[in-house]
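**Q**
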Amino acid sequence: MHVIVIFGTVEGHTRKIARNISATVQSLGHQATVFDAGDLGDVDLDIADAVMVCAPVHMSQYPSAIAHWLSTHADDLAKLPGAFVSVSLASASPFPEEHAEIRKLTEAFFDRTGWHPRLVHQAAGALRYPRYDFLKRLLMKHIAYREGGSTDVTKDHEFTNWNALSAFVASFVDECGATPEKANQAMPA
């Protein structure tokens with residue numbers, strides 16, 4: 001089976017998540033190809049047996065490059081098993097209302113793009129304080145303080161549960177291998 005992993009990123013953490021997804025797919029004995037939404041061009045979906053899309057939420061929005069690509073290819077994507085990994089700090093929040101809000105944003109994103117994946121995983125992102133400009137660092141520090149997170153601005157802080165992400169990917173791959181017609185076809189040499 002060949003899984004295409006498409007990601008959008010703002011500060012680089014979603015790229016790390018996409019690479020982890022690819023490594024997990026490969027560790028399960030399948031092929032994976034990773035594409036950055038900012039450099040997509042034309043992706044040949046005919047080589048794919050499944051698609052996983054990873055996108056971060058920033059200022060209550062997913063990257064426009066991901067949204068545009070999904071909207072443009074929604075009909076073709078509907079023919080493939082799909083999974084979406086939403087990356088946000090809200091997923092690390094101790095407040096249930098923030099989890100509910102991120103789920104609403106994700107559903108609205110699917111409605112807007114016309115793509116409705118089979119599975120969705122909400123992954124916690126990272127605070128990348130050293131990469132932020134002064135104002136963003138101050139704002140993110142305030143938010144982290146309010147939520148009981150780290151305010152040490154000298155280093156990055158990752159909140160992603162890598163084991164949960166790997167389990168999600170394994171579950172998706174297992175489901176794809178069991179149901180789609182294309183997944184049972186031999187890959188061309």
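Going by full-length UniProt numbering, the first residue of the sequence shown is number 1, and it counts up by one from there. From the three backbone atoms N, C-alpha and C, an ideal C-beta is built for every residue, glycine too.
(1) Run through DSSP, which three-state label would Glu175 get?
(2) Count the other CB atoms, across all protein chains shown, that sit within 10 Å of the CB of residue 191; report buried if there are 16 or more and exposed otherwise.
(3) Have a look at Val53 and Asp75 and give me their C-alpha separation to the nearest angstrom.
(4) Taking all protein chains shown into account, decide if Gly125 is buried (16 or more other Cβ within 10 angstroms of its Cβ) or exposed.
(5) Measure the beta-carbon distance from Met1 to Ala55 and round it to whole angstroms, keeping in mind my assumption that it falls under 8 Å.
(6) Any heavy atom of the ligand MN closer than 7 Å to the CB of Asp152?
(7) Could you tell me how far apart the beta carbons of Pro94 and Gly148 are, in whole angstroms, since I believe they sit closer than 8 Å?
(8) Ala67 to Thr151, Cα distance in whole Å?
(9) Can you check whether the CB of Arg137 is closer than 8 Å to the CB of Asp156?
(10) In the structure shown, what three-state DSSP assignment does Glu158 receive?
(11) Check whether the Cβ atoms of Thr160 and Ala108 sit closer than 8 Å, and answer yes or no.
(12) In this structure, what does DSSP give as the bridge partners for residue 203?
(13) Are at least three pairs of beta-carbons, each pair with one atom in the stretch 80-98 and one in the stretch 114-121, less than 8 Å apart?
(14) Quick one: what's got a C-beta closer than 8 Å to Thr130's C-beta in the same chain, skipping five residues either side?
(15) Could you give the uninterrupted runs of the beta strand (DSSP E) lying entirely in the UniProt domain "Flavodoxin" (4-153), keeping only those of 3 residues or more?
(16) Have a look at His99 and Ala90 and give me their C-alpha separation to the nearest angstrom.
(17) Is the separation between the beta-carbon of Ala65 and that of Gly12 shorter than 8 Å?
(18) Suppose you measure from the CA of Thr113 to the CA of Gln61; what does that come to, to the nearest Å?
**A** From the atom records:
(1) Mapped onto the sequence shown, residue 175 falls at position 175. It is helical.
(2) Residue 191 lies beyond the range of the chain shown here (1 to 189); nothing can be said about it.
(3) Here residue 53 refers to the residue found at position 53 of the sequence shown. Here residue 75 refers to the residue found at position 75 of the sequence shown. Near 15 Å, if we compare the C-alpha coordinates of Asp75 and Val53.
(4) Looking up residue 125 in the sequence shown gives position 125. By the neighbour-count rule (16 or more Cβ atoms within 10 Å), Gly125 is buried.
(5) In the sequence shown, counting from the first residue as 1, residue 1 sits at position 1. In the sequence shown, counting from the first residue as 1, residue 55 sits at position 55. Actually they do not touch by this definition, with Cβ atoms about 23 Å apart.
(6) Among the ligands in the structure shown, none appear at all, so the ligand MN cannot be discussed.
(7) Locating residue 94 in the sequence shown gives position 94, counting from the first residue. Locating residue 148 in the sequence shown gives position 148, counting from the first residue. The pair is a contact, with the Cβ atoms about 7 Å apart (cut-off 8 Å).
(8) For the purposes of this step, residue 67 is taken as the residue at position 67 of the sequence shown. For the purposes of this step, residue 151 is taken as the residue at position 151 of the sequence shown. A straight line joining the alpha-carbon of Ala67 with that of Thr151 spans about 32 Å.
(9) Start at 1 with the first residue of the sequence shown, and residue 156 comes out as number 156. Start at 1 with the first residue of the sequence shown, and residue 137 comes out as number 137. Between Asp156 and Arg137, the CB-CB gap reaches or exceeds 8 Å.
(10) Within the sequence shown, numbered from 1, the residue matching residue 158 stands at position 158. In this structure, DSSP gives Glu158 an extended state, which the three-state scheme calls strand.
(11) Here residue 160 refers to the residue found at position 160 of the sequence shown. Here residue 108 refers to the residue found at position 108 of the sequence shown. No, the pair does not count as a contact, with Cβ atoms beyond the cut-off.
(12) An answer regarding residue 203 cannot be provided, because it is not within the stretch 1 to 189 covered by the chain.
(13) yes
(14) The count along the sequence shown starts at 1 and reaches residue 130 at position 130. One point to set straight first is that residue 130 is Pro, not Thr, in the sequence displayed. Excluding sequence neighbours, Pro130 sits near Val153, Thr154, Lys155 and Asp156.
(15) 31-36, 50-56, 82-88 and 119-124
(16) Residue 99 sits at position 99 when you count from the first residue of the sequence shown. Residue 90 sits at position 90 when you count from the first residue of the sequence shown. Whole-angstrom Cα-Cα distance: 6 Å.
(17) In the sequence shown, the residue the question calls residue 65 occupies position 65. In the sequence shown, the residue the question calls residue 12 occupies position 12. Not in contact: Ala65 and Gly12 (Cβ atoms no closer than 8 Å).
(18) Start at 1 with the first residue of the sequence shown, and residue 113 comes out as number 113. Start at 1 with the first residue of the sequence shown, and residue 61 comes out as number 61. If I take the Cα positions, the gap works out to 13 Å.
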